[in-house]
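To convert, take the position in the sequence shown, counting from 1, and add 5; that gives our numbering.
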Amino acid sequence: MGYSQTVKGRVVQHDNPVSNASIILKKGDKEMTSMTDASGFFNVTLTEGGSYTISIVAEGANPLENQITVEDNGVLDLGDVIVYQMVTS
């Protein structure tokens, strides 16, 4: 029986939830995707722990990319993840 790991959090902009943001977790050639719900929350279940690149893409916001480490059989709660409005000139 395998273990499962979870990455969860909420995407916000100016203290407001961001719905329908894309959450992409990459490890090597593996990629898992999810979307935020109407309240900005996301929850991604992974098949293995380790180092991942998380990317968050939301309409009208600057894309966000970061490195995270997920423990085997654990939950990584990122809390509120803030995205900033895209500035166009």
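Glycine residues also receive a C-beta, built at the ideal position from the N, C-alpha and C atoms.
| Asked | Found |
| --- | --- |
| Residue from 42, 80, 13 with nearest C-alpha to residue 25 | 42 |
| Beta-carbon spacing of residue 30, residue 12 below 8 Å | yes |
| Straight-line Cα distance separating residue 10 from residue 81 | 8 Å |
| Contacts around residue 54, its chain only, beta-carbon distance under 6 Å, and the 5 residues preceding and following it disregarded | 10, 75, 76, 77 |
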